[in-house]
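Shown next, in structure tokens, is the structure this report addresses.
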């Protein structure tokens, strides 16, 4: 890259093309490559496919490409029947992280000893084998003896239970009941709710519709006092804690699947006796997963969450004290997104997000930018065939100082962890050959990308009048530029090659989109029109996105814009429009994920687009 760009800590090249129906320049635009390779062309426009690639991840996201990130899967157990959840903690006090898991079908809780500390050799130990329908596991030192204990609710027995790790070796366990009648609990966690230096327990009752904390009365974990945080909160499924308003007191966060809302409860005076509920955000269908984390590195805990039915992964930005307010940000879509966790996988100081989807059988994580955290997310698919994926968790499993990925596959009875190794140092992608329908005067080639120091994206181009013989590639382009002297005018076929590179193992560049423009020197020859809503550009957009479409006959045309909750936020009535190709600007919208539906007298079609800060 040029010296000025290379010195920047963050590179985001935004090319704003002022394109209207009266402009003389034509253009082709590509932002999606997820359809895969094998399409050599010629093509009349770039869709979601391309010709070939090497060491490129094009499949993890519907928008953009990055370098291939190598991960290695390690099996912990391949026959743990009915597995539903797993976490990691140092159970035997030997300095490395072990794995703890629950089996819904067997009524069993087990832990796997990380025998050599590298996560390649495991010894299975049973904690309990007669605990009906155990749900999510949590580990903490409940009695403050220096050893990590295990907590787990029983959904059908309606129990809240913890097992004391007697001598810190994981071989001797004493069972203690916290609550003997707590309706259908899914998830419990721990925190210092009343600031007495004894670790308390927090849980949710799915069918009891309430949020509760249990006071560890004398710090032994034997005597518990139940306190209600919220007595009417329909169908909560997950619960977590964090100091949301930075007052030094631990607050509580959950999501209601029936009320379609994410909420937090302010621990007003730090005693756990006074709670104020506040809405974090409203979800469109069925919010499930929730976790607290400082996503944008501003010192305030934000909220991340999933909507399993809408297939959304989101985060809400905490404005900070004294009056907390929330700004919603869409991260991505993943069908059936359920479990969510966070951690710094890349080691860049910004928290990444891990999600598992039971419906899509997918384990996936999103890389958070270190220089613009919470704005740009690079998706990475770990496994798209992990049957019944559940239990997203991040921790250092092999002791190398880097975060690893832990998940379970309920359908295939597996518990696995993945070592995130490194990006490929160089990757290339060759586009499909573009055919323009008029003789062109090639104008410019531009791209949108994000690059941190030590990473780069450059291009080579070529054009020809023979798609079978495209000729040699041009000199390397290090920044967007005009095409005079780079490729020949009056050549009807065009192709680009993207070259991505990095010198870092866990930091790679991200290509968002490419655009080539030209002035037509001839008359278009394609006069066969049909209704089509083309991809909205730019995508992601900062200002007003551009709507592009063709209609085969004179029609009344309108565009309806919905946010990710399904709420109609804008209606554009364009009136009676003649047949042909049209471009219309949409409005200015807050950052987030949107859907535009274009309606005519005879047809309608929808497109998704993203607005960023």
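Numbering (my numbering), first residue to last: 20 to 632. Where a beta carbon is used, it is the ideal one built from N, C-alpha and C, also for glycine. Here the structure is a predicted model, which means the values were calculated and not measured.
Self-check item: Rounded separation between residue 438 and residue 401 - CA only
Solution: 10 Å
Exercise. At 3 residues or longer, and completely inside the stretch 181-241: list those beta strand (DSSP E) runs for me, N to C.
Key: 192-198, 204-210, 219-224 and 229-235
Self-check item: residue 131 versus residue 158: straight-line alpha-carbon distance, rounded
Solution: Spanning the two alpha carbons is a distance of roughly 14 Å.
Quiz item: Per DSSP, what kind of secondary structure is residue 333 in: helix, strand or coil?
Solution: strand
Quiz prompt | Option nearest residue 208 by Cα separation, candidates 257, 382, 405 and 538 | solution = 257
Self-check item: First and last residue of the uninterrupted beta strand (DSSP E) at residue 433
Solution: 433-442
Quiz item: Can the beta-carbon of residue 103 be found less than 8 Å from the beta-carbon of residue 357?
Solution: no
Self-check item: residue 615 burial status per 10 Å Cβ neighbour count (16 or more: buried)
Solution: With 16 or more other Cβ atoms within 10 Å, it is buried.
Practice problem: Answer with buried or exposed for residue 587, where buried requires no fewer than 16 other C-beta atoms within 10 angstroms of its C-beta. | Solution: exposed
Quiz item: If you draw a straight line from the C-alpha of residue 61 to the C-alpha of residue 68, how long is it?
Solution: C-alpha separation (whole angstroms): 12 Å.
Practice problem: Using beta-carbon positions only, say whether residue 381 and residue 405 come within less than 8 Å of one another. | Solution: yes
Practice problem: Kindly list the residues whose CB is nearer than 7 Å to the CB of residue 74, restricted to its own chain and excluding five residues on each side of it in sequence; keep chain order. | Solution: 86, 87, 443, 445 and 446
Quiz item: For residue 516 versus residue 537, is the C-beta spacing smaller than 8 Å?
Solution: No, these two residues do not count as a Cβ contact at 8 Å.
Quiz prompt | With 16 other Cβ atoms within 10 Å as the buried cut-off, status of residue 8 | solution = Residue 8 is absent from the structure shown; the chain starts at 20 and stops at 632.
Self-check item: Three-state class that DSSP yields for residue 357 in the structure shown
Solution: The answer is strand: DSSP assigns residue 357 an E or B state.
Quiz item: Going by the CB atoms, is the gap between residue 427 and residue 416 shorter than 8 Å?
Solution: no
Quiz item: Counting Cβ pairs, one atom from each stretch, are 3 or more of them under 8 Å apart for the stretch 597-614 and the stretch 562-581?
Solution: yes
Quiz item: Helix, strand or coil for residue 65 per DSSP?
Solution: coil
Quiz item: residue 267 by DSSP, collapsed to three states: which one?
Solution: coil
Quiz prompt | Cβ shell of residue 116 (< 7 Å), same chain only, five flanking positions each side left out | solution = So the list reads 107, 108, 109, 133, 414, 415 and 416, once near-sequence residues are dropped.
Self-check item: Strand pairing of residue 159, partner residues [DSSP]
Solution: Paired residues: 168.
Quiz item: Of the residues 166, 529, 206 and 262, which one's Cα is nearest the Cα of residue 226?
Solution: When only C-alpha atoms are compared, the closest one is 206.
Self-check item: Separation of residue 183 from residue 93, as counted between CA atoms
Solution: One C-alpha to the other measures close to 29 Å.
Quiz item: Just to confirm, are residue 349 and residue 327 a CB contact at a threshold of 8 Å?
Solution: no
Quiz item: Of all the options 469, 482, 508 and 521, which has the alpha carbon lying nearest to the alpha carbon of residue 498?
Solution: 469
Quiz item: Which residues mark the beginning and the end of the beta strand (DSSP E) in which residue 305 is found?
Solution: Here residue 305 belongs to no beta strand (DSSP E), and DSSP marks it neither H nor E.
Quiz item: In the DSSP assignment, what are the bridge partners of residue 6?
Solution: Given that the chain is displayed from residue 20 to residue 632, the structure contains no residue 6 and the question cannot be resolved.
Quiz item: Which one or two residues does DSSP pair with residue 348 in a beta bridge?
Solution: Its beta-bridge partners are 334.
Quiz item: Closest by CA to residue 582, which one among 65, 610, 597 and 575?
Solution: Taking only the C-alpha atoms, the option nearest residue 582 is 610.
Exercise. Answer yes or no: do residue 220 and residue 274 have a C-beta to C-beta separation smaller than 8 Å?
Key: no
Self-check item: Contact the stretch 143-152 vs the stretch 174-182: 3+ CB pairs below 8 Å
Solution: yes
Quiz item: Considering only C-alpha positions, which residue in the set 481, 234, 430 and 467 is nearest to residue 454?
Solution: 481
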